Amino acid sequence: MAEKQPLLSGGAPAGAPPPAYGQGPPPAPYGQPPAAPYGQQEVYPPQAGSQGAYPPPAGAYQGQDTPSSAEAQPSAPMEVIVPPSVAPPAMVPYTPFQVAPQPNPSHNELQAALVDTMDQACCAGAKAAKDMKIQTVVSSNCYIYQLQTFTEKRSTHQKTVAYSNQFVDGPENGQPPPPWNIGTMNPHPFQPSEQRLPVPHTSFVHSCKRCAGMGNRQCHSCNSCGHNPCNFCHGTGRTDNGRCNSCQGRGQRRCDPCNGSGRVRCDRCKGSGRLMTYTELVVLWSLHESKRVFEEDALGLTQKKLLEGKTHSLMEQQGALVPPIQGSPLPKVDNASMELINHHNQTFTQERFLQQKQQVLVVPVTNVTANWEGRTFHFYRYGCDHRIHAPEYPQSGCCWCCTVM
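Our numbering puts the first residue of the sequence shown at 25, with every later residue one more than the last.
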């Protein structure tokens, strides 16, 4: 009769993983998943793999002495767990909005803004701004469509930590729950964060292979002999002044890492000779943001400068899912909304949609043509905070630190 293997804490034989387990019951609906692309009647998400299963062998840890992240070393790659398919939630109703033309600011207002900016510039004079003659002023509203999707993604991987007689929550304590049924913290909406926690009932203890379960290994500093040649006399025991005082004439010194024993503590198992492996659940909350800037309304101002200016929100919607904008005064915004919402729904299929927000933002832009001493130049006033951009300003000696040229 074969000899039985001793059982370690957790109910499994030493060095053996827990038995494979099934997927269990389908995960209950959780959070708010995204709908299928508009125009398609599908459930979310597309099935890319099994739901609610872990990569065997699995493990989890529960107890008071939680190992530090420095001790924990993953032994398997991450496996993303596809969220369960559920019917999409009801969308928030569309909020109509109106647009209004941007009025032209007065010449005195524009000139005062340019003078004030050039007074603060480190490489430009304000004389041209004070003496210039404004010829034409053209104002416009530049629109920006922005879509934000706040999602949750769950993945699992195996972790191995040193075993020091802590509680082992093995499969004998119950069936491991599916990943999407494990409770987590409540994240702040639209703020990326991460949480790592053990999956219950998936721990097992096994022998440390690095030290063969002994808790110590050979010292590489001295090749397990316990001593090294003396650095002062190079192993001869003598120096130019006679006997070496460092090694007392022996030519050797005790090895400090192993204290002369020839063996050092195993850093993998921390001297216990055993390891504990468990499955760790990694929950990642992400913010996916897409923007569409309609530069044709910017009167020549670059997109980089446009995004620096303070915007005004013309329309904002937030909910579990937002519908595409339809029938607004801006058909190009309608098209961008449809395109970006479908893009998010088709791209982040392995993540669960928790919240969406769409905004129509406005950046007022004014293009000014002015003349100073026979030289014609252009400058811009943009943003609700009235920033100035003057790349053609005639009295400039632009340096690397200038932000208005």
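Just so you know, even glycine gets a beta-carbon here, dropped at the ideal spot from N, CA and C.
Note that this is a predicted model, so its numbers are computed, not measured.
Practice problem: Going by CA-CA distance only, name the one from Thr393, Ala344, Pro415, Thr373 that's closest to Gln382. | Solution: Ala344
Self-check item: Span of the beta strand (DSSP E), counted from its first residue to its last, around Glu313
Solution: 298 to 317
Self-check item: Unbroken stretches of the beta strand (DSSP E), 3 residues or longer, contained in the stretch 223 to 250
Solution: 228 to 231, 240 to 242
Quiz prompt | Exposure label - Pro69; buried when at least 16 CB within 10 Å | solution = Only weak support is given to the placement of Pro69: the predicted model assigns it a pLDDT of 36, under 50, and the value that follows is read from those uncertain coordinates. Counting Cβ neighbours within 10 Å, Pro69 comes out buried, since at least 16 surround it.
Quiz item: Based on the DSSP secondary-structure assignment, which residues constitute the bridge partners of Trp396?
Solution: Arg399
Quiz item: Would Leu354 pass as a contact of Tyr118 if the rule is Cβ separation under 8 Å?
Solution: no
Quiz item: When the Cα atoms are used, what is the spatial distance from Phe372 to Leu330?
Solution: 28 Å
Quiz prompt | Span of the beta strand (DSSP E) around Asn283 | solution = Here Asn283 belongs to no beta strand (DSSP E), and DSSP marks it neither H nor E.
Exercise. Kindly indicate the opening and closing residues of the beta strand (DSSP E) around Gln469.
Key: No answer is possible for residue 469: the residues shown for the chain start at 25 and end at 429.
Quiz item: Using DSSP with H/G/I as helix, E/B as strand and the rest coil, what is Leu12?
Solution: Only positions 25 to 429 of the chain appear in the structure, and residue 12 is not among them; the question remains open.
Practice problem: Let me know the secondary structure DSSP gives Leu385 once reduced to three states. | Solution: strand
Exercise. Look up Gly207 in the DSSP assignment and give the residues it is bridged to.
Key: Gly207 pairs with nothing; no bridge assigned.
Quiz item: Roughly how many whole angstroms lie between the Cα atoms of Gln327 and Val110?
Solution: 40 Å
Quiz item: Are Gln126 and Pro388 touching if we call contact CB-CB under 8 Å?
Solution: yes
Quiz prompt | Boundaries of the alpha helix (DSSP H) in which Ile365 is found, first to last residue | solution = 355 to 371
Self-check item: Given 8 Å, three or more beta-carbon pairs between the stretch 292 to 299 and the stretch 350 to 368
Solution: no
Exercise. Take every Cβ of the stretch 273 to 282, pair it with every Cβ of the stretch 247 to 258, and state whether three or more of those distances are shorter than 8 Å.
Key: yes
Quiz item: Taking the C-alpha atoms as reference points, what is the distance between Lys233 and Asn369?
Solution: 46 Å
Quiz item: Expressed to the nearest angstrom, what Euclidean distance is found between the alpha-carbon atoms of Glu95 and Ser179?
Solution: In this prediction, Glu95 scores a pLDDT of 43, lower than 50, which makes its location untrustworthy; the coordinate-derived value is nonetheless stated afterwards. Those two C-alpha atoms are separated by around 20 Å.
Quiz item: Are Leu335 and Cys290 close, meaning C-beta to C-beta below 8 Å?
Solution: Checking the displayed sequence, the identity of residue 335 turns out to be Thr instead of Leu. Cβ distance not < 8 Å, so Thr335 and Cys290 don't count as in contact.
Quiz item: Between which two residues does the beta strand (DSSP E) carrying Met142 extend?
Solution: Taken as a continuous stretch (DSSP letters only), Met142 belongs to no beta strand (DSSP E), being part of the alpha helix (DSSP H) at 131 to 144.
Quiz item: Should Ala281 and Ser245 be called a contact, given that it needs their Cβ atoms to be closer than 8 Å?
Solution: Going by the sequence as given, residue 281 is Pro instead of Ala. Yes.
Quiz item: Under three-state DSSP, which class holds Ala150?
Solution: coil
Quiz prompt | Assigned secondary structure, Asn265 (DSSP; H/G/I helix, E/B strand, else coil) | solution = coil
Exercise. Output the distance between the C-alpha atoms of Ala322 and Ser164, rounded to the nearest integer angstrom.
Key: 7 Å
Quiz item: Which whole-angstrom value describes the C-beta separation of Thr400 and Thr390, a residue pair presumed to lie in contact below a C-beta threshold of 8 Å?
Solution: Not quite, the Cβ-Cβ distance comes to about 17 Å (not below 8 Å), so this is no contact.
Practice problem: Taking only the alpha-carbon atoms, compute the straight-line gap between Val106 and Gln374 and give it to the nearest angstrom. | Solution: 5 Å
Quiz item: How is Glu320 classed by DSSP in three states: helix, strand or coil?
Solution: helix
Practice problem: Determine the extent of the beta strand (DSSP E) in which Glu340 is found, giving its start and end residues. | Solution: 336 to 343
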